[in-house]
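Remarks on the structure that follows.
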Amino acid sequence: MESLIQNPTFISTHLHHSHDKNKNLLVFSLYSQTHKESYALHNEDDPDFTQLARFDYPFHVPFLQSPNGIYRVVGTCNGLFCLSDDKLTYSNCLCLWNPCVRKLVHLPIPNVTYATHGGFDATIGFGFDPKTNDYKVVRLVTLLDSFDLERSRPEVEIYSLSTGEGRMLSASLVPICALSRRAPQAFVNGALHWVAFRRADDNNLQHFVLVFDLGNEVFREILLPELPDYTSKFVGLLSVSVSAYGNSIALFQNGYFSLVKGCQTGDFYLWVMEEYGVVSSWTKVLKIGEGLPRPIGFKRNGEVVLLSYDGQLVSWVPWSTEFKHLEIIGYEDTFVDCYAESLVLLDKVAKGTVTY
């Protein structure tokens, strides 16, 4: 029986069944006041948003603890969490974790570290490549000693779960751009998405969606809708990130970082791309003033999950006045995503694999 469960075909079949069956599960990662993360599943279709399960967080066990003590969620895919401990300082610790089978894989130390290259800003993406049936972690690193937006290209490293190794992508395949440290990702249609920026001909910063196809391992770009140009007024830096929205993407425009006030300010706008890849289909669906809840993700049915400044989580039906308090306390680093149980990693016995 054990050999059957660990069979790759059985694992894949179980995953497809789980996706069909568990359409009502939503995962929250909450950074609690006790400085211990927790992961809980809630019934999305239940009006009371009932908690179905809570995952035991394994990294409080001494031999699994990170040097920084805190892991953040990079993303989830097919029951796997990609976690990084880069929240507080430079870090080399990345892992893939499947709480259902109580197993995780520590990734090898990256090629680009503080010890090898000095200061840097790193952005990470995680997703599944259906062409090779492989899970990949992509790390984009902007070196601070060459932070020239007109000429610099990120260093790009790709880790493959199937090989257990990382490799550098040829610099000729990487576009000239920079990404903010820990920029949120969106895994959609077999590709990773981040908001990147570069110096335009008029010397202002140009923001766009940087897309990396996990199958072909090539970059492309998607233009953003017309946004306020705070940089041209020398008052602040635009704060914008991308999120998955069904089979398309959404844009969170969180005002700007004021160079005068030294803090985030301005109205929040939510945009959705109604037809994936079609720039003209960007649609503004929500405007929120300062001090009001900020969107952090979506339910499967398209409802928006918002985090208020007092930590309360709220859901909102787009194009309506319907708001619902979920009676869940979130924190600054609350992460929301859809989740489906899987047996991925159950057959993994390679170096760096830990069962707890």
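Counting along the sequence shown from 1, when you hit position 168 you're at 168 in full-length UniProt numbering, and nothing is skipped either side.
Virtual Cβ for every residue (Gly too), placed ideally from N, Cα, C.
Beta-carbon proximity check, residue i vs residue j, cutoff 9 Å
i, j, result
"A250", "A186", "yes"
"E221", "V211", "yes"
"V156", "L143", "no"
"S342", "L80", "yes"
"P130", "G266", "no"
"D333", "A244", "no"
"S77", "L94", "As written in the sequence, residue 77 is Cys, which differs from the Ser given in the question. The answer is no: Cβ separation not under 9 Å."
"V285", "E303", "no"
"L346", "V101", "yes"
"Y135", "S162", "yes"
"V188", "V240", "no"
"P110", "G166", "yes"
"A171", "F197", "no"
"P293", "L307", "yes"
"G246", "F268", "no"
N-terminal and C-terminal residue of the beta strand (DSSP E) that residue i is part of
i, result
"Y114", "Not the beta strand (DSSP E): Y114 falls in the alpha helix (DSSP H), residues Y114 to H117."
"N203", "Neither: N203 is in no beta strand (DSSP E) and is coded neither H nor E."
"N133", "Here N133 belongs to no beta strand (DSSP E), and DSSP marks it neither H nor E."
"E160", "Note that residue 160 is Ser in the sequence shown, not Glu. Segment E155 to S160, the beta strand (DSSP E) holding S160."
"V278", "Here V278 belongs to no beta strand (DSSP E), and DSSP marks it neither H nor E."
"T353", "T353 to T355"
"E221", "V218 to L223"
"C95", "L94 to N98"
"R294", "R294 to F298"
"L144", "Unbroken run through L144: none, as it is neither H nor E."
"L306", "V304 to L307"
"W316", "Q312 to W316"
"I329", "F323 to I329"
For residue i: DSSP bridge partner residues
i, result
"S243", "A250"
"R72", "S84"
"E165", "S160"
"residue 378", "Within the shown structure, residues of the chain are numbered from 1 to 356, placing residue 378 beyond reach of any answer."
"L192", "F187 and F212"
"F55", "Y39"
"D46", "For D46, which the question treats as bridged, DSSP gives no partner whatsoever."
"K103", "N98 and T355"
"D127", "Reading off the sequence, residue 127 comes out as Gly, not Asp. According to DSSP, which records beta bridges pairwise, G127 is partnered with K136."
"S91", "S91 is not bridged to any residue."
"D347", "Partner(s): none; D347 has no beta bridge."
"A340", "None, per the DSSP bridge assignment."
"R199", "L205"
"A178", "F197"
Residue i classed as buried or exposed, judged by whether at least 16 other C-beta atoms fall within 10 angstroms
i, result
"W319", "exposed"
"Q253", "buried"
"E327", "exposed"
"L88", "exposed"
"G352", "exposed"
"G119", "exposed"
"G297", "buried"
"K348", "buried"
"H193", "buried"
"E2", "Note that E2 has pLDDT 47, beneath the 50 cutoff, so the model's placement of it is unreliable and the number below is only indicative. Under this definition E2 is an exposed residue."
"I124", "buried"
"T70", "The sequence shown places Ile at residue 70, rather than the Thr named in the question. When all chains shown are included, I70 counts as buried."
"V218", "exposed"
"R72", "buried"
"F39", "Note that residue 39 corresponds to Tyr in the displayed sequence, not to Phe. The residue is buried, with at least 16 neighbouring Cβ atoms inside 10 Å."
"R323", "A small correction: the amino acid at residue 323 is Phe; Arg does not occupy that position in the sequence shown. Its Cβ having fewer than 16 others within 10 Å, F323 is exposed."
"V272", "buried"
"S281", "exposed"
"P47", "exposed"
"V344", "buried"
Min CB distance residue i to chain D below 9 Å
i, result
"L205", "No chain D appears in this structure, which consists of one protein chain only."
Heavy atom of the ligand ZN within 8 Å of residue i beta-carbon
i, result
"E274", "The model depicted lacks the ligand ZN and carries no ligand whatsoever."
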